[in-house]
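**Student:**
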Amino acid sequence: MVVGDIATGTEVLVIGGGPGGYAAAIRGGQLGLDVTLVEMDAYGGTCLNEGCIPSKALIHGTGLAHEAGHAEALGIHADPAVDMEALVGWKDGVVDRLTGGVEKLCKANGVNLVPGRAEFADESTARVAHGGDGQGSESIEFETAVVATGSRPIELPGLEFDGRRILDSGDALALESVPDSLLVVGAGYIGMELATVYAKLGADVTVLEMLEDVLPPYGEEVSRVVRERATDLGVEFHFGEAAQGWEDGGEEAIVTTETGDGETREHVAERVLVAVGREPVTDTVGLDAIGLEPTDDGVLETDHQARTDLDTVFAVGDVAGEPMLAHKAYAEGHVAAEVIAGEPAALDYQAVPAAVFCPSARTRASSASSPTPTRSSSSAPRSSGRRPPSSSPRSGWPSRWAPSWRTSPRRSTPTRRYRRRSARPRRTPAGRRSIR
Ligand SMILES: Cc1cc2nc3c(=O)[nH]c(=O)nc-3n(C[C@H](O)[C@H](O)[C@H](O)COP(=O)(O)OP(=O)(O)OC[C@H]3O[C@@H](n4cnc5c(N)ncnc54)[C@H](O)[C@@H]3O)c2cc1C
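So in numbering that gives the first Met the number 0, spot 220 of the sequence shown is number 219, and the numbers just go up one at a time.
Below, the structure written as structure tokens:
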């Protein structure tokens, strides 16, 4: 223990206050365990703060406006304008209510909440740094630990997040104005949900995907419906292209891509959302100190009772691997707590439900124009040569694509540049965005 530390003890230490962690903590409290939950950021984790809840709130809000503006067949004639700042404010209110609810539920079930970052010191002690000047730290002795540290967005080499031009999903959920054009890299469920939100808000949305369709793991029937409905909304797709890097074009980003047969292309957009998957967070907890090592994919492997290779350490939620979904995290959290309490609980992954919140009904024909090559240039694709996320079996993307992420030789073929041509005027005089 470091001099000046406060020392405390607990039966169960839960690290991470997302759906996996708070489910484990609350269930543990209900079963009479003495539980301490450490969270270094915001209770509710990714799901409540920058995942499921804010995305579904925006999907709901934009869906309402879009439906109202496209219901002539029902005799409803409306031209809704969306005040983006107010919509984002409402979404933030929903998030605040729910995160506050998690905190209350934990307290109501006797869970001791500790803000800070927890790191293992050894197999029975963790140090919690409270962060900020003079806020000190704490040493917590535990009998059992549950690692529920979640996941973070995967960064593409050459397209590192800057929160300004190159956005992760959290940034895209917090934009207070609608970009004129949005390039979405990755047509998984997060990319497609946000692509349709911004298309409904009137942005010119282009989706780049290096495979041949949207939502690769969901099967052709789902992919086709989601692709067709997004196309109806004016979303433009480029399949078989891997994003390589970008350069600042002043008001816009110029993103370079490479096709499967080596052609280099460029896409121009005001903002770029990179949504190519998520990776487990294992570098915040000091796993070395307890001798646990994640797999090559960064996953903490567990058995059917959510137990790691160490009998006293459990792992739940995204950090324990796919599918990275909130209800899977809850289920694992519950099982971990029940096993710790001595109950005969076990996990069964035979049927894990998954939903994609994209429009399933046709609204109208597309008014968007087809891709327009505007001029050629000969810039070469860039890559930092880091391990490609695409080669990860976790992402479901075949490794045949992996070579295209490595540094490619400069090609002599001309680069084609794509810029979406806006089909309709978007802004209302009040600065709101007409969505028709
Ligand atoms: C845009 C988006 C939309 C989504 N939509 C859905 C959906 O509709 N349905 C669905 O089921 N899932 C959805 N998900 C996935 C869902 O958010 C995750 O599966 C879920 O949050 C995983 O929960 P978790 O507890 O494992 O991790 P997280 O929610 O990521 O929580 C982990 C927590 O651990 C904390 N932490 C990390 N390290 C430490 C440390 N050392 N000490 C203390 N605290 C630490 C972090 O601050 C974080 O709060 C979505 C995700 C995104 C990004």
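Backbone N, C-alpha and C fix where the C-beta goes; we use that ideal spot for every residue, glycine too.
Evaluate E265 with the Cβ neighbour count: other Cβ atoms within 10 Å of its Cβ, from every protein chain shown; 16 or more gives buried, anything less gives exposed.
**Tutor:** The residue in question, E265, is buried, as its Cβ has 16 or more Cβ neighbours within 10 Å.
**Student:** Using only alpha-carbon positions, find the residue among R164, L346 and D308 that is nearest to I289.
**Tutor:** Cα-wise, what sits closest to I289 is D308.
**Student:** Secondary structure at V11, three-state DSSP: helix, strand or coil?
**Tutor:** Here V11 sits in strand by DSSP.
**Student:** For the pair the region 152-171 and the region 333-341, tell me if three or more CB-CB distances fall below 8 Å.
**Tutor:** The region 152-171, when compared against the region 333-341, does not touch it at the 8 Å Cβ threshold.
**Student:** In the structure shown, what three-state DSSP assignment does V275 receive?
**Tutor:** Coil.
**Student:** Taking the alpha-carbon positions, what's the E71 to V267 distance?
**Tutor:** Going by the C-alpha atoms only, they are around 34 Å apart.
**Student:** Answer with buried or exposed for A367, where buried requires no fewer than 16 other C-beta atoms within 10 angstroms of its C-beta.
**Tutor:** Any reading at A367 must be qualified, since the residue scores a pLDDT of 36, below 50, and its modelled position is unreliable; the value itself is stated next. Buried is the call here.
**Student:** Check whether the Cβ atoms of S336 and A23 sit closer than 7 Å, and answer yes or no.
**Tutor:** Strictly speaking, residue 336 in this sequence is Ala, with Ser absent from that position. Their beta carbons are under 7 Å apart, which means A336 touches A23 by this criterion.
**Student:** Ignore the nearest five residues each way along the sequence and tell me which others in M191's own chain have a CB closer than 7 Å to its CB.
**Tutor:** Excluding residues within five positions, the ones whose Cβ falls inside 7 Å are V213, L214, V225, A229, V355 and C357.
**Student:** Report all residues from its chain with a CB closer than 7 Å to the CB of I153; omit the five preceding and five following residues, and keep chain order.
**Tutor:** Once the five neighbours on either side are set aside, the close Cβ partners of I153 are V275, G276, R277, E278 and P388.
**Student:** Using the DSSP secondary-structure output, state which residues sit across from L291 in a beta bridge.
**Tutor:** None; L291 has no bridge partner.
**Student:** Does ligand 1 have even one heavy atom less than 6 Å from the beta-carbon of V146?
**Tutor:** Result no, Cβ not under 6 Å from ligand 1.
**Student:** Residue ranges of each beta strand (DSSP E) run of no fewer than 3 residues wholly in the region 211-252, ordered along the chain?
**Tutor:** With a minimum length of 3 residues, the continuous beta strand (DSSP E) runs that stay inside the region 211-252 are 235-238 and 240-247.
**Student:** From the DSSP output, in three-state form, read off D121 for me.
**Tutor:** It is a strand residue.
**Student:** Just how far apart, CA to CA, sit V183 and R163?
**Tutor:** Each residue's Cα considered, the two are about 14 Å apart.
**Student:** Kindly list the residues whose CB is nearer than 6 Å to the CB of E84, restricted to its own chain and excluding five residues on each side of it in sequence; keep chain order.
**Tutor:** So the list reads E175, once near-sequence residues are dropped.
**Student:** In this structure, does DSSP put H65 in helix, strand or coil?
**Tutor:** DSSP places H65 in helix when its eight states are reduced to three.
**Student:** First and last residue of the beta strand (DSSP E) that includes S439?
**Tutor:** A query on residue 439 cannot be resolved here, the shown segment of the chain reaching from 0 to 435 and no further.
**Student:** Cβ of T45 versus every heavy atom of ligand 1: is any distance shorter than 6 Å?
**Tutor:** Yes, Cβ of T45 sits closer than 6 Å to a heavy atom of ligand 1.
**Student:** Under DSSP, the beta strand (DSSP E) around V206 begins and ends at which residues?
**Tutor:** Segment D203 to E208, the beta strand (DSSP E) holding V206.
**Student:** From P293, I52 and T9, pick the residue whose C-alpha is nearest to that of T98; which is it?
**Tutor:** The shortest Cα separation from T98 among P293, I52 and T9 belongs to I52.
**Student:** Does ligand 1 have even one heavy atom less than 6 Å from the beta-carbon of G17?
**Tutor:** True, at least one ligand heavy atom lies under 6 Å from that Cβ.
**Student:** Determine which residues share a DSSP beta bridge with E257 and list them.
**Tutor:** The partner list for E257 (beta bridge, DSSP) reads A241 and T263.
**Student:** Between which two residues does the beta strand (DSSP E) holding P18 run?
**Tutor:** Element bounds for P18: not the beta strand (DSSP E) but the alpha helix (DSSP H), P18 to Q29.
**Student:** Could you work out which residue in V196, D260 and T143 is closest to E240 when comparing CA atoms only?
**Tutor:** When only C-alpha atoms are compared, the closest one is D260.
**Student:** Could you pull out every residue in the same chain whose Cβ sits closer than 6 Å to the Cβ of G28, ignoring the five residues on either side in sequence?
**Tutor:** Correct list, in chain order: V34, N108, G109 and V110.
**Student:** Can you find the residues in the same chain that come closer than 7 Å, C-beta to C-beta, to L104, ignoring five residues on each side of it along the sequence?
**Tutor:** So the qualifying residues of the chain are I25.
**Student:** Is the region 296-303 in contact with the region 109-127, if contact means three or more CB pairs nearer than 8 Å?
**Tutor:** Counting Cβ pairs under 8 Å, fewer than three are found: no touch.
**Student:** Taking only three categories from DSSP, how would you classify T35?
**Tutor:** If DSSP states are grouped into helix, strand and coil, T35 belongs with the strands.
**Student:** For K90, count neighbouring Cβ atoms within 10 angstroms of its own Cβ and tell me buried if that reaches 16, exposed if not.
**Tutor:** Buried: at least 16 other Cβ atoms inside 10 Å.
**Student:** What is the residue span of the beta strand (DSSP E) that N111 lies within?
**Tutor:** Residues N111 to P114.
**Student:** Determine the DSSP secondary structure at K359, reduced to helix, strand or coil.
**Tutor:** Note on residue identity: the sequence assigns Ser, not Lys, to residue 359. DSSP places S359 in coil when its eight states are reduced to three.
**Student:** Measuring alpha carbon to alpha carbon, tell me which residue in R270, V273, E269 and D296 is nearest V280.
**Tutor:** Out of R270, V273, E269 and D296, D296 has the C-alpha closest to the C-alpha of V280.
**Student:** Per DSSP, which residues does A268 bridge with? Please list them.
**Tutor:** Paired residues: A252.
**Student:** Identify the residues that DSSP records as bridge partners of L181: which are they?
**Tutor:** Answer is V204 and R270, bridged to L181.
**Student:** Put R96 into one of helix, strand or coil per three-state DSSP.
**Tutor:** Note: R96 maps to helix in three-state DSSP.
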